[in-house]
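2 protein chains.
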Amino acid sequence: MKILLVEDEKQFANSIKEYIEKENYVVEIAYDFWEAKEKIELSNYDCILLDIMLPSGSGLDLIPDIHEFQPKCGIIVITAKNTIDDRVIGLELGADDYITKPFHLAELNARIKAVLRRRFFDGKKVINFNEIQIDIDNREIFVNQNKIDLTKREYEIFMFLFNNKNRLITKDAIIEYVWGDDSNNFDNFDFIYTHIKNLRKKLINSGCKDYIQSIYGLGYKFNEI
Amino acid sequence: MKILLVEDEKQFANSIKEYIEKENYVVEIAYDFWEAKEKIELSNYDCILLDIMLPSGSGLDLIPDIHEFQPKCGIIVITAKNTIDDRVIGLELGADDYITKPFHLAELNARIKAVLRRRFFDGKKVINFNEIQIDIDNREIFVNQNKIDLTKREYEIFMFLFNNKNRLITKDAIIEYVWGDDSNNFDNFDFIYTHIKNLRKKLINSGCKDYIQSIYGLGYKFNEI
DNA sequence: AAAAAACTTCATAATTTATTTAGATTTATA
DNA sequence: TATAAATCTAAATAAATTATGAAGTTTTTT
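Chains V and X supply the protein sequences, listed in that same order. All residue numbers for the first sequence refer to our numbering, where the first residue is 146 and numbers rise by one. All residue numbers for the second sequence refer to our numbering, where the first residue is 146 and numbers rise by one.
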């Protein structure tokens, strides 16, 4: 899953990024208000970590934008203990959770996990969908109880499509989502084709229906039916 | 849907074009006032992006022309922050929205979507018309809940006729609308006949009434009744 | 450092869509 | 009704997109 971290202190931001990347999230950092705004409008995130004290504006002002452009996305507000605002505590501004600096990375991680679980998986740890079972915490996918080994990229692509059932996902969106900031390096879709092919093969070989539909000229779609 | 971008800075114009073409709009650029005026009077657009600072005149002076020749067309004014005029902000000049440079492409895109939705679809995301349902965002058309797969061209032609119910649409207009600047390459209507035929067949096969009437020697019309 | 796994690139094949062609049908007009 | 022009249709060809297997890199694991 993909996370945006909005935080102006570079060193602090990087250490958070490093930590949560180890937890297998794709992480991007926006170092100021406007960079964050652009990313929110252009890219897809599943959770946004929002420091509200930014040099160029309050992170809180990004919340309406997040709701508009990414209604499914979770929001965790990062705030210093002394600047904390009652509205944040009450989460009246539309965030899912907040955490006060300083905090332990493991705590942040736990909260991200909880928010994502609530937002995307109905609070469950294991998702059931027809013949498919997904163990979120372990990033494992089963077809009729038989585990299939997906690589990181395959898993990310699968989950992106799965979490957007019946919606057209363009190849550009997939690249953006899975490769994050590195997505500019690509000038063709060959590797997408390959990953999709391998992903499909693994699923189908385990007796899974082919839910992934190619939409000519546009992208892919996970068909619920 | 088709968009005209009136903007003299070539590079800027091209990057906008590239971006919104990815969103499946047909895009034409007019690089100066008079080129814009000609296009507005001759062609069909659903939305016009109007930079008001043009070397050959103010884009605002094109607005009456747009109203006269294309009453359904949306207008979004592009303006530099410092040259902004109160009348623009109040939209008293007849625009639907405005955006100040610099802006994010995603923001422009969101505004285009909103203006088109307001102008053409009554603000709705899904259109219902007798047995037809149209999911604008996903570019999907259903007949009595059964999805019919239209190709890009078929979809564009269908929407053009649909959005101009009971009005005669000439074959030239269709070519102009769907193929944009490339429309000069065609010297006969054979391919239109084919696309219309295939479109009709898909619709009728799904149990849809044949709303598309041929008007001999002139073009086609989407009959509401 | 070697081996294994994962990722990307490349060449080629398969598929889907777009356009052209040619013949059949319909319409307008005389 | 005869004729020409316009339109419709299906089939053939061309163009664009996607799928595939294999080769070459890079990254990770041992």
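Glycine included, C-beta positions come from ideal geometry on N, C-alpha and C.
Check: Extent of the continuous beta strand (DSSP E) run through Gln156(V); Outcome: First-last for Gln156(V): 155 to 167, but that is the alpha helix (DSSP H), not the beta strand (DSSP E).
Check: Among Lys342(V), Pro247(V), Glu237(V), Glu166(V), nearest to Phe303(V) - alpha-carbon criterion; Outcome: Lys342(V)
Check: Glu152(X) versus Gln358(V) - alpha carbon distance; Outcome: 38 Å
Check: Buried or exposed by the 16-neighbour rule on C-beta atoms within 10 Å, applied to Asn275(X); Outcome: exposed
Check: Residue nearest to Phe307(V) in terms of C-alpha spacing, selected from Lys354(V), Glu369(V), Phe287(V), Val323(V); Outcome: Glu369(V)
Check: Nearest neighbour of Glu186(X), chosen from Arg345(X), Gly202(X), Leu207(X) [CA to CA]; Outcome: Leu207(X)
Check: Partner residues on chain X for Asp317(V), Cβ-Cβ distance less than 8 Å; Outcome: Lys167
Check: Meets three-Cβ-pair contact criterion under 8 Å: the region 342 to 352 of chain X and the region 287 to 294 of chain X; Outcome: yes
Check: Through-space distance from Leu150(X) to Asp241(V), alpha-carbon basis; Outcome: 40 Å
Check: Neighbour flag for Asn283(X) against chain V, beta carbons, 8 Å; Outcome: yes
Check: Whole-Å CB distance - Leu195(X) paired with Ile221(X), under 8 Å assumed; Outcome: 7 Å
Check: N-terminal and C-terminal residue of the alpha helix (DSSP H) that Leu194(X) is part of; Outcome: Segment 192 to 196 is the beta strand (DSSP E) holding Leu194(X); no alpha helix (DSSP H) there.
Check: Given Ile148(V) as reference, the closest of Gly202(V), Asp317(V), Ile279(V), Trp324(V) once Cα atoms are compared; Outcome: Trp324(V)
Check: At least three beta-carbon pairs within less than 8 Å, the region 281 to 289 of chain V to the region 211 to 221 of chain V; Outcome: no
Check: Neighbour list for Lys297(X) in chain V, Cβ cutoff strictly below 9 Å; Outcome: Tyr361, Gly362, Leu363
Check: Nearest-angstrom Cα separation, counted from Leu363(V) out to Glu163(V); Outcome: 34 Å
Check: N- and C-terminal bounds of the beta strand (DSSP E) containing Ala225(V); Outcome: 219 to 225
Check: Backbone secondary structure at Lys292(X) - three-state DSSP; Outcome: strand
Check: Whole-Å CB distance - Ile314(X) paired with Tyr365(X), under 8 Å assumed; Outcome: 6 Å
Check: 6 Å CB neighbourhood of Ile279(X) in its chain, flanking five on each side removed; Outcome: Ile272, Ile286
Check: Residue span of the beta strand (DSSP E) that contains Ala175(V), given as start and end; Outcome: 171 to 175
Check: Three-state secondary structure (DSSP) of Lys366(X); Outcome: strand
Check: Limits of the unbroken alpha helix (DSSP H) element including Asn343(X); Outcome: 335 to 350
Check: Coarse secondary structure for Ile272(V), derived from DSSP in three states; Outcome: strand
Check: One or two residues paired with Phe287(V) in a DSSP bridge; Outcome: Gln278(V), Lys292(V)
Check: Chain V contacts made by the region 236 to 261 of chain X, where a contact means CB separation under 9 Å; Outcome: His249, Leu250, Ala251, Glu252, Asn254, Ala255
Check: Contacts around Met198(V), its chain only, beta-carbon distance under 7 Å, and the 5 residues preceding and following it disregarded; Outcome: Ala225, Thr228
Check: Cβ pair Tyr322(V), Asn189(V) closer than 8 Å; Outcome: yes
Check: Glu166(V), buried or exposed, once every other Cβ within 10 Å from all chains shown has been counted against 16; Outcome: exposed
Check: Ile193(V), buried or exposed, once every other Cβ within 10 Å from all chains shown has been counted against 16; Outcome: buried
Check: C-beta neighbour in chain X for Lys217(V), strict 8 Å; Outcome: no
Check: Ser203(X) - partner residues in DSSP beta bridges; Outcome: Met198(X)
Check: Contact check, Asn254(V) vs Glu154(V), beta carbons under 8 Å; Outcome: no
Check: Residues of the region 174 to 193 of chain V whose Cβ lies closer than 8 Å to any Cβ of chain X, in chain order; Outcome: Lys182, Glu183, Glu186, Leu187
Check: Boundaries (first-last residue) of the alpha helix (DSSP H) holding Lys297(V); Outcome: 297 to 307
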